[in-house]
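Novice: Chains A and F supply the protein sequences, listed in that same order.
Numbering of the first sequence is given in our numbering, commencing with residue 2 and proceeding in unit increments.
Numbering of the second sequence is given in our numbering, commencing with residue 2 and proceeding in unit increments.
This structure is in structure tokens; I'll ask about it shortly.
Number of protein chains: 2
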Amino acid sequence: MHPLPIFIISDSSGETAITTLQTAVSQFPDLSVQVTRFPFTATKNKLTNILQQANEVHAVIFHTLVQRALSTELINFCQKHQLVQYDGLNPAIDAIKQRIHQEPLQTPGVNHSLNDTYFDRIAAIEFAVTYDDGKLPAGFKQADLVLVGVSRTSKTPLSLFLANQNFKVANLPLVPNTKIPDELWQVDPKKIVGLTNSPKILEQIRAQRMIAYGMDPASNYSNQEKIHQELDFANQIFTKLNCLVINVANKSIEETATLITSKLGLEPAPFD
Amino acid sequence: MHPLPIFIISDSSGETAITTLQTAVSQFPDLSVQVTRFPFTATKNKLTNILQQANEVHAVIFHTLVQRALSTELINFCQKHQLVQYDGLNPAIDAIKQRIHQEPLQTPGVNHSLNDTYFDRIAAIEFAVTYDDGKLPAGFKQADLVLVGVSRTSKTPLSLFLANQNFKVANLPLVPNTKIPDELWQVDPKKIVGLTNSPKILEQIRAQRMIAYGMDPASNYSNQEKIHQELDFANQIFTKLNCLVINVANKSIEETATLITSKLGLEPAPFD
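Structure, rendered in structure tokens:
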């Protein structure tokens, strides 16, 4: 079967439409798609040209056009040519409008305006990279969250995912017989999250890693007994720290991050 | 004015609804919101409880519930109690269904399933952190993209943003009178992006940095002449590399990333 052509048309970057599309497409496991993105589509000429291309390949159109004149143009074109379209933004704007009785701006790209929240997010991303992997324990006291866990518990991607929600996150790998930096004991336990995993999954991941490095998968690193020692060591530290502990086995980064923010009562996303 | 209470109700993490909500809210510059997220809402009992809370504060509800029985329940409740709600997912699923004549799964969290695309994304994030700031030029040849630019051109956050779209991105700061690593000249110019900025903006950013560090903002680092030398040096390198050059002045990370992927013809997001 040919992949289904999908056009993303946005007067900004198209991120909102892409996020919705990814979630929607995942509900059709046998569907293969060919996605083409048309960002910064903010004029009628540019839009008309894209719509003609869409009509040629009979594409499904996901659009986020805050200028109503453009989205109306698009919807009318699709009705006329029997194309399927989905407006991923204006109905959301209208829901808010209906409640607060105010008119929306209709200005593209406002969500990416270079305000304080934006710069805080950039700073949080740089913080996560700087204080990744226990490199600088001095950063723990400035952190909103410190993630501690054995190897392969997603510390780095989790730190960056949370940084995208404006949290300053440092992380520390736990290695048996290695001294825990003094700075960790000075952190408020409510700001620490212990990450653990199932021994079986850790063994699989590590064996794959060994193979990727051209090494014998039956080495110490993947050895089941050694993994148990590491997890026991981590659990002892978590108990001493009296921190939230999350088992990341079979959880995605998104799920683990959502568990962390909801269990610690942190507001997940900045709005201003 | 009291902030508008908004409830995010999802049977998964709620990321899709949050993304749409942020974009929608940005169209109302005077609106202040109080967002509460209810992730992993996958049972009728849990939903009923949340809806009662929503009714008490007259919240606007943004929801992404792939189980139709739940979203129908929610919509009926809102009609009965005159609450404003926005379904951020099922109309998108229905658009695809209308085109391909297949039934959706109605299984929560499939978008975060631990498939190859997911693990590639995690690997890309770890790659970006490992090869940040020119730490290991040996990684350039494995990279999908190498970002080069003077200080304060958003190299790190851009690398991570693109990593989230599964691109393996390394970055290298350009410092005058410092040798460019040999590895850079071996990279396909189509995989290199030169980042530059306006001298005026660089001066402002650097002066702020000096103040934050408790130093005199009139130091060399923020000196206008020195900034021009750095930008000239960078431009010479870009010309020699024959690479795409983007001026990040007044652009958000999202905008710059979108420009890079569209100008280089890279498919922005993985779908499987």
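From the three backbone atoms N, C-alpha and C, an ideal C-beta is built for every residue, glycine too.
So if DSSP puts A/Leu148 in a beta bridge, which residue, or which two residues, is it bridged to?
Specialist: DSSP output for A/Leu148 lists A/Asn172, A/Val194 as bridge partner(s).
Novice: According to DSSP, is F/Pro276 helix, strand or coil?
Specialist: Outside the displayed range of chain F (2 to 273) lies residue 276 of chain F, so it cannot be described from this structure.
Novice: Give a yes or no on contact between the segment 113 to 132 of chain F and the segment 53 to 65 of chain A, applying the rule of three or more CB pairs nearer than 8 angstroms.
Specialist: No contact exists between the segment 113 to 132 of chain F and the segment 53 to 65 of chain A.
Novice: Can you pull the chain A residues whose beta carbon is under 7 angstroms from the beta carbon of F/Arg207, in chain order?
Specialist: Result: empty, since nearest Cβ-Cβ is about 14 angstroms, beyond 7 angstroms.
Novice: Which runs of the alpha helix (DSSP H) spanning at least 4 residues fall entirely within the segment 45 to 83 of chain F, listed in chain order?
Specialist: Segments of the alpha helix (DSSP H) lying fully in the segment 45 to 83 of chain F: 45 to 58, 69 to 82.
Novice: Pull the bridge partners of A/Asn178 from the DSSP assignment, please.
Specialist: In the DSSP output, where bridge partners are listed per residue, A/Asn178 has none listed.
Novice: Given a cut-off of 9 angstroms, decide if A/Ala164 and A/Arg122 are closer than it, judged by their beta-carbon atoms.
Specialist: Contact flag set, yes.
Novice: Find the nearest neighbour of A/Gln23 within the set F/Glu104, F/Gly110, F/Ile7, judged by alpha-carbon distance.
Specialist: If we check each option's Cα against that of A/Gln23, F/Gly110 comes out closest.
Novice: Taking the beta carbon of F/Asn167 as the centre, do at least 16 other beta carbons fall within 10 Å, making it buried, or is it exposed?
Specialist: Its Cβ being crowded by 16 or more others within 10 Å, F/Asn167 is buried.
Novice: Using a Cβ-Cβ cut-off of less than 9 angstroms, give me the residues of the segment 247 to 262 of chain F that come near chain A, in sequence order.
Specialist: For the segment 247 to 262 of chain F, which is checked against every Cβ of chain A, the residues closer than 9 angstroms are Asn251, Lys252, Ser253, Ile254, Glu255, Glu256, Ala258, Thr259, Leu260, Thr262.
Novice: Counting only Cβ-Cβ distances shorter than 7 angstroms, please list the residues of the segment 133 to 144 of chain F near chain A, keeping chain order.
Specialist: Cβ contacts with chain A come from Asp133.
Novice: Kindly list, in the order they appear in chain F, the residues whose Cβ is closer than 7 angstroms to that of A/Ser152.
Specialist: None at all; the shortest Cβ gap to chain F is about 12 angstroms.
Novice: Going by alpha carbons, who is nearest to A/Thr259 out of F/Ile10, F/His3, F/Val147, F/Pro6?
Specialist: Nearest C-alpha to A/Thr259: F/Ile10.
Novice: Assuming the contact rule is C-beta atoms closer than 8 angstroms, F/Asn56 and F/His82 should be a hit. Round their C-beta distance to whole Å, please.
Specialist: Right, their Cβ atoms sit about 5 angstroms apart.
Novice: Looking at the secondary structure, which residues open and close the beta strand (DSSP E) in which F/Tyr87 lies?
Specialist: Where F/Tyr87 is concerned, the enclosing beta strand (DSSP E) stretches over 86 to 88.
Novice: Using a Cβ-Cβ cut-off of less than 9 angstroms, list which residues of the segment 19 to 31 of chain F approach chain A; keep chain order.
Specialist: From the segment 19 to 31 of chain F, only Ile19, Thr20, Thr21, Leu22, Gln23, Thr24, Ala25, Val26, Ser27, Gln28, Phe29, Pro30, Asp31 have a Cβ closer than 9 angstroms to chain A.
Novice: Got a sec, what are the start and stop residues for the beta strand (DSSP E) F/Arg38 sits in?
Specialist: Where F/Arg38 is concerned, the enclosing beta strand (DSSP E) stretches over 34 to 39.
Novice: Along the chain, where does the alpha helix (DSSP H) containing F/Val130 start, and where does it finish?
Specialist: Start and end: 117 to 131.
Novice: Identify whether A/Asn112 lies in helix, strand or coil by the three-state DSSP scheme.
Specialist: The answer is helix: DSSP assigns A/Asn112 an H, G or I state.
Novice: Kindly identify the DSSP beta-bridge partner or partners of A/Asn248.
Specialist: The partner list for A/Asn248 (beta bridge, DSSP) reads A/Thr197.
Novice: Would you identify the three-state DSSP class for A/Pro6, choosing helix, strand or coil?
Specialist: If DSSP states are grouped into helix, strand and coil, A/Pro6 belongs with the strands.
Novice: Is the Cβ-Cβ distance between A/Cys244 and A/Lys169 less than 9 angstroms?
Specialist: Not in contact: A/Cys244 and A/Lys169 (Cβ atoms no closer than 9 angstroms).
Novice: From the DSSP output, in three-state form, read off F/Ser274 for me.
Specialist: Residue 274 of chain F is absent from the structure shown; chain F starts at 2 and stops at 273.
Novice: Kindly say whether F/Arg69, judged by its beta-carbon, lies nearer than 9 angstroms to any beta-carbon of chain A.
Specialist: So no, F/Arg69 is outside the interface.
Novice: Hey, A/Arg38 and F/Ser160: beta-carbon distance below 9 angstroms or not?
Specialist: No, the Cβ-Cβ distance between A/Arg38 and F/Ser160 is not below 9 angstroms.
Novice: Does F/Glu204 come out as helix, strand or coil in the three-state DSSP assignment?
Specialist: In this structure, F/Glu204 counts as helix in the three-state DSSP scheme.
Novice: Taking C-alpha atoms, which residue in A/Leu146, A/Asn236, A/Asp117, A/Asn50 lies nearest to A/Thr197?
Specialist: Among A/Leu146, A/Asn236, A/Asp117, A/Asn50, the Cα nearest to that of A/Thr197 is on A/Asn236.
Novice: Within a Cβ cutoff of 7 angstroms, which residues of the same chain sit near A/Val194, ignoring the five residues on either side of it in sequence?
Specialist: Leu146, Leu148, Cys244, Leu245, Ile247, Ile261.
Novice: Mapping DSSP to helix, strand and coil, what is A/Val188?
Specialist: Coil, per DSSP.
Novice: Can you check which of these residues, A/Thr65, A/Leu32, A/Val36, is closest to A/Thr42 by C-alpha distance?
Specialist: The shortest Cα separation from A/Thr42 among A/Thr65, A/Leu32, A/Val36 belongs to A/Thr65.
Novice: Note down, in chain order, every chain A residue with its Cβ under 9 angstroms from the Cβ of F/His113.
Specialist: Chain A residues near F/His113: Ser27, Lys252, Ser253, Ile254, Glu255, Glu256.
Novice: For chain A, find out if any of its Cβ atoms is closer than 9 angstroms to the Cβ of F/Gly195; answer yes or no.
Specialist: By this cut-off, F/Gly195 is not an interface position.
Novice: Would you grab the beta carbon distance between A/Leu5 and F/Ile101 for me? Rounded to a whole angstrom, and I think it's under 8 angstroms.
Specialist: Indeed they touch by this definition, with Cβ atoms about 6 angstroms apart.
Novice: Do we get a CB-CB distance below 9 angstroms when we pair A/Gln80 with the residues of chain F?
Specialist: For A/Gln80, the answer is no, since every Cβ of chain F falls outside 9 angstroms of its Cβ.
Novice: To the nearest whole angstrom, what separates the beta carbons of A/Tyr119 and F/Ser253, a pair I think is in contact under 8 angstroms?
Specialist: Yes, A/Tyr119 and F/Ser253 are in contact; Cβ-Cβ is about 7 angstroms, under 8 angstroms.
Novice: Compare the C-beta of A/Ser155 against all C-beta atoms of chain F and say whether one is closer than 9 angstroms.
Specialist: By this cut-off, A/Ser155 is an interface position.
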